[in-house]
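Undergrad:
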Amino acid sequence: MTGGAFSTVHDVPDEFASIGAAVDAAAIGDTVRIAPGLWTENLGLGEKGLLLTGTAPGNPAIVAQTVIDGSAEVAPTVWIGGSGTLPVRLRGLTVQGGAGALVSTPHWRRIGGGVYCESGELTIDHCRIADNRFGSGSAAGGGIFVGEAGALTVRASSLVDNRANEGGGLAVEGGSAVLRLVRIANNSADEGGGIRISAGGELDAEDCVFEANGPDQFDYPWLRGGAVFCGSGGEIRLIRCDLFDNHADNGGAVASQGYFEMRGGTIARNRANSGGGGLLILSSGAADLEDVVIARNWALWRGAAINNDGGGLRLGRSTVVMNGGGDVIAQSGNAWAEISNSMLWSNASGGVTMGNDLWAWSSDATQLSYCLGPEDLVGESNVLGPPYFITWRGNEFVLSPGRWGDSDAALPRSPAIDAGPPRLSDWLDWPKGYDNGRRSDIGIHGGPGGVLWQKKE
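Position 71, counted from 1, in the sequence shown is what this note's numbering calls 138; the numbers after and before it change by one each time, with no gaps.
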């Protein structure tokens, strides 16, 4: 069947009994269309620039029934690479059961259980990468592995129930990965339960959810980064992503030795059996967060929200509330932090609100400005709580305006309203009668990033 002016569609099983046979018969740029069913095959792609697609990519039920299972061989289910690699696309498929490729560098291990993108460009669209699990031994990228010559894009897909020692859902070593509208859930690894980025790798994720990722065991210090681990030289950028219910021994949601950036989104209900319930920053790492909610995380020892163990932290226009266990933000070693226009409130140890929501080895290396806390904070233009939160349009931690319209509100006007940096303006359009000027508020609803949090009715 002709699929376009210069391409042909090869139907499985109407024309070919297997996907592999259709791939072998295809020319450069052709499409292989796969009917629902269980296809137990291991596929090598890349030199023809093919599109492998299910019959209904927009129908999750059909996607779940269109399965490429790699259990036939001890190999990745799908491998992308080779000389002259052309862009490959996977659409509307479930990829499962892969055992990965055995490689000797930097040591003997298996990589890329479901998909191994050794080189070239790979786009995964409306797919489900699931149930790719390595057994004992060293392994990376249970769901997907991207090598230094690989470039991965994943859209409107899920990485679920995959397992490896490093990067249960996805491991990127030297290459790059772009994720849009992806769910990363219930993956397991000792380091980077959901995703691991290392060796100069890069991750750019927008509007993604990281849920319930983490190691299978506890009480070992190397079990780090339940949702995400960023190794030395790696870079991670998250925009409007939510990380919740992840766990690890250190860094319940995130552990970073590299560069970690987050704009908008939530880090919530994550757990660390040692330090850094939400985020762990290691000595070579740096983290830059703006317009982020860090709430209801827990750590047994230090840093219920953030444990900065010798790295650098910049936290702006964020709300850090209701975290429990150790000190909410802990600074140690040669750590430094710049915290501005942010709220530190109602963080507890053993259910009792602490007198100090910030613990620092050296106060000289911790600069706070235009922040709200439970007691006088050292720094410039900080204010004393409570913040008086209300819920509005489904948003938690909105600041009470006090009197609103014709009736008196139950709470007083929040001292965080119009208390941010004078030259910074709010971008939110508050309803008529809401007593809030143009000057930035303290916390997530202040400044230009506040618009990220305004949900429509």
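C-beta: ideal position from N, C-alpha, C; glycine also.
Let's test the definition: count the other Cβ atoms within 10 Å of the Cβ of residue 225 and tell me whether it reaches 16, buried, or not, exposed.
TA: Buried.
Undergrad: Buried or exposed for residue 308, going by 16 or more other Cβ atoms inside 10 Å?
TA: Result: buried.
Undergrad: Between which residues of its own chain and residue 428 is the CB-CB distance below 6 Å, once the five residues before and five after are set aside?
TA: No answer about residue 428 holds up, because its pLDDT of 46 lies below 50 and its placement is not dependable.
Undergrad: Rounded to the nearest angstrom, what separates residue 110 and residue 79 at their Cα positions?
TA: For residue 110 and residue 79, the distance between alpha carbons rounds to 14 Å.
Undergrad: Could you tell me the distance, in whole angstroms, from the CA atom of residue 164 to the CA atom of residue 357?
TA: Cα to Cα, the separation comes out at about 39 Å.
Undergrad: Under the rule that 16 or more other beta-carbon atoms within 10 Å means buried, what is residue 333, buried or exposed?
TA: Residue 333 should be labelled buried.
Undergrad: Kindly indicate the opening and closing residues of the alpha helix (DSSP H) around residue 163.
TA: Here residue 163 belongs to no alpha helix (DSSP H); instead the beta strand (DSSP E) covers 161-163.
Undergrad: Using beta-carbon positions only, say whether residue 392 and residue 365 come within less than 8 Å of one another.
TA: Cβ atoms of residue 392 and residue 365: closer than 8 Å.
Undergrad: Is residue 130 helix, strand or coil when you go by DSSP?
TA: Helix at residue 130.
Undergrad: With contact counted as at least three CB pairs below 8 Å, one residue from each stretch, are the stretch 171-182 and the stretch 211-227 in contact?
TA: Verdict: yes, contact present.
Undergrad: Which of the three DSSP states is assigned to residue 52 in this structure?
TA: In this structure the chain extends from 68 to 524, so residue 52 is not present and cannot be described.
Undergrad: Just how far apart, CA to CA, sit residue 350 and residue 298?
TA: Cα to Cα, residue 350 sits roughly 11 Å from residue 298.
Undergrad: Distance check for residue 331 and residue 117, CA to CA, integer angstroms please.
TA: Spanning the two alpha carbons is a distance of roughly 36 Å.
Undergrad: Mapping the DSSP letters down to three states, classify residue 339 as helix, strand or coil.
TA: Here residue 339 sits in strand by DSSP.
Undergrad: Taking residue 312 and residue 290 to be in contact with their CB atoms under 8 Å, please state how far apart those CB atoms are, rounded to whole angstroms.
TA: Not confirmed; about 16 Å, so no contact.
Undergrad: Decide if residue 133 is buried, meaning its Cβ has at least 16 other Cβ atoms within 10 Å, or exposed.
TA: Burial call: buried.
Undergrad: Take residue 462 as the anchor and find which of 511, 320, 98 has the nearest alpha-carbon.
TA: Here the closest residue by C-alpha is 511.
Undergrad: Check whether the Cβ atoms of residue 479 and residue 469 sit closer than 8 Å, and answer yes or no.
TA: Cβ distance < 8 Å, so residue 479 and residue 469 count as in contact.
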